[in-house]
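Asks: Listed in order, the protein sequences are those of chains A and R.
First residue of the first sequence? That's 1 in our numbering, and the numbers climb one at a time after it.
First residue of the second sequence? That's 75 in our numbering, and the numbers climb one at a time after it.
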Amino acid sequence: MARLIRMDRSGHTTLAEWTAADEQAVEAAVAAFREQLDAGYYAVVTEGEGRARQVDELPLDADLVILRRPIAGG
Amino acid sequence: MSAAALPETAAVYWRPRVDERRLARRGRLWTLTTVAHTVPYIAASGVLLWLEPLSAPVVFALLAHAWVIPELYAKRGANVLRRRPRAGAGPERTALGLLGDLVGHEARELHARTGLVLERGALGVWLVGEAGAVLVRPGARRVHCWCVHVEDTSLPSADRIAHLLLALRTDEAGFATVANLAFSGSRRRVRRRLHPRLRPALDAAGAAAR
């Protein structure tokens, strides 16, 4: 089962879980994903050791999508 | 690491994107600046001593300045890896689990010992901390110390590292562009100023960069 998680003060929170076959779960995950992006989070999918990709649409085939806050220098 | 640009680079649009050539040039500039800060004190102390041997106390003060200024810079570099206040035990444990999933066994073990994550990149070997990162350049002689943090102080320490790690993996050059350079210079000078607990991480990064 794929997961959408947000790194936050609790460590992380699972916002949605879905399988490609479950349309309702996918819809809920897409809605949660969009809401978090609108709130200023960035979504990242890890792609093996040392690689990650930022995504603007929920990749339904990913196992894990992580939401992170912006970083800044200083 | 991925080729897509880090979105945070838009916030520092005036900065040229870091690449191999710019990084080397910044390193040379930093060394030049350190020399420019040090040489006048050494020269002045030599001249003073030649003119008036009784000025030895002043000469001593000048030489102390020549020594302390580069050391302060190195200290600033080492400080980017300083640990920050912990969150509660529960959140820290949860965040640690996620960070552990993101890195390999070796990096996980190093993090358990030092609180830092080692990450190999195209520009060198990175040590990622909670509010900064050190890039050990190939050859392991020079390091670049960067101040960079996630804009949420309530996060557990492992999550702060995970934020930086994911950004670094998304776009290494963009990460170095967004971050503020706090120091560039000898790895050994930074090592001397690091907390002893953190030194094995820099040693490991040095070994990986050779």
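For each residue, glycine too, the CB sits at the ideal point set by N, CA and C.
(1) Leaving out five residues before and five after Leu64(A) in sequence, what residues of the same chain have Cβ atoms less than 6 Å from its Cβ?
(2) Compute the beta-carbon to beta-carbon distance between Thr244(R) and Gln54(A), rounded to the nearest angstrom, for a pair I have assumed lies under 8 Å.
(3) Can you give me the C-alpha to C-alpha distance between Met75(R) and Arg51(A), rounded to a whole angstrom?
(4) Residues of the stretch 38-57 of chain A with a CB closer than 8 Å to any CB of chain R: list them in chain order, please.
(5) When you compare the CB of Met7(A) with every CB in chain R, is at least one pair closer than 7 Å?
(6) Taking the DSSP output, what are the residues bridged to Ile5(A)?
(7) Phe257(R) bridges to which residues according to DSSP?
(8) Compile a chain-ordered list of the residues in the stretch 223-253 of chain R whose CB is closer than 7 Å to at least one CB of chain A.
(9) Taking the continuous beta strand (DSSP E) assigned at Tyr41(A), which residues delimit it?
(10) Return the chain-ordered list of same chain residues with a C-beta closer than 8 Å to the C-beta of Leu242(R), the five sequence neighbours on each side being excluded.
(11) Rounded to whole angstroms, what's the CA-CA distance from Glu82(R) to Glu145(R)? Just pull it up for me.
(12) Which residue comes first and which comes last in the alpha helix (DSSP H) that contains Trp200(R)?
(13) Any beta-carbon of chain A closer than 7 Å to the one on Met75(R)?
(14) Tell me the rounded alpha-carbon separation between Thr188(R) and Ala205(R).
(15) Return the chain-ordered ranges of every alpha helix (DSSP H) run that is complete within the stretch 155-190 of chain R and spans a minimum of 4 residues.
Replies: Let me lay it out:
(1) Looking up residue 64(A) in the first sequence gives position 64. Here the set comprises Arg3.
(2) Locating residue 244(R) in the second sequence gives position 170, counting from the first residue. Locating residue 54(A) in the first sequence gives position 54, counting from the first residue. Going by Cβ atoms, the distance from Thr244(R) to Gln54(A) rounds to 5 Å, so yes, they are a contact pair.
(3) For the purposes of this step, residue 75(R) is taken as residue 1 along the second sequence, with counting starting at 1. For the purposes of this step, residue 51(A) is taken as residue 51 along the first sequence, with counting starting at 1. Reliability of the predicted coordinates at Met75(R) is poor, the pLDDT of 49 falling under 50, and the value obtained from them is presented with this limitation in mind. Each residue's alpha carbon lies about 4 Å from the other.
(4) Answer set for the stretch 38-57 of chain A: Tyr42, Val44, Thr46, Glu47, Glu49, Gly50, Arg51, Ala52, Arg53, Gln54.
(5) Here residue 7(A) is taken as the residue at index 7 of the first sequence, counted from 1. Cβ-Cβ to chain R under 7 Å: yes for Met7(A).
(6) Here residue 5(A) corresponds to residue number 5 of the first sequence, with the count starting at 1. Looking at the DSSP assignment, Ile5(A) forms a beta bridge with Thr14(A), Ile66(A).
(7) The residue labelled residue 257(R) in the question sits at position 183 within the second sequence. For Phe257(R), which the question treats as bridged, DSSP gives the partners Cys219(R).
(8) His223, Val224, Glu225, Asp226, Ser228, Leu229, Pro230, Asp233, Ala236, His237, Leu238, Leu240, Ala241, Arg243, Thr244, Val252, Ala253
(9) Locating residue 41(A) in the first sequence gives position 41, where the first residue counts as 1. Note, Tyr41(A): premise wrong, no beta strand (DSSP E); not H, not E.
(10) The residue you call residue 242(R) lines up with position 168 of the second sequence. Around Leu242(R): Met75, Glu193, Gly195, Trp200, Val202, Ala207, Phe249.
(11) For this step, residue 82(R) is matched to residue 8 along the second sequence. For this step, residue 145(R) is matched to residue 71 along the second sequence. Between Glu82(R) and Glu145(R), the C-alpha separation is close to 32 Å.
(12) Here residue 200(R) refers to the residue found at position 126 when the second sequence is read from its first residue. It is not in any alpha helix (DSSP H) - Trp200(R) instead sits in the beta strand (DSSP E) that spans 199-202.
(13) To locate residue 75(R), count along the second sequence from 1; it is residue 1. Since pLDDT at Met75(R) reaches only 49, below the 50 mark, its modelled position is unreliable, and the value read off the structure follows with that caveat. For Met75(R), a Cβ of chain A is located within less than 7 Å of the residue's own Cβ.
(14) As a first step, residue 188(R) is located in the second sequence; it is residue number 114 there, counting from the start. As a first step, residue 205(R) is located in the second sequence; it is residue number 131 there, counting from the start. Approximately 14 Å, taken between the alpha carbons.
(15) 163-176, 179-188
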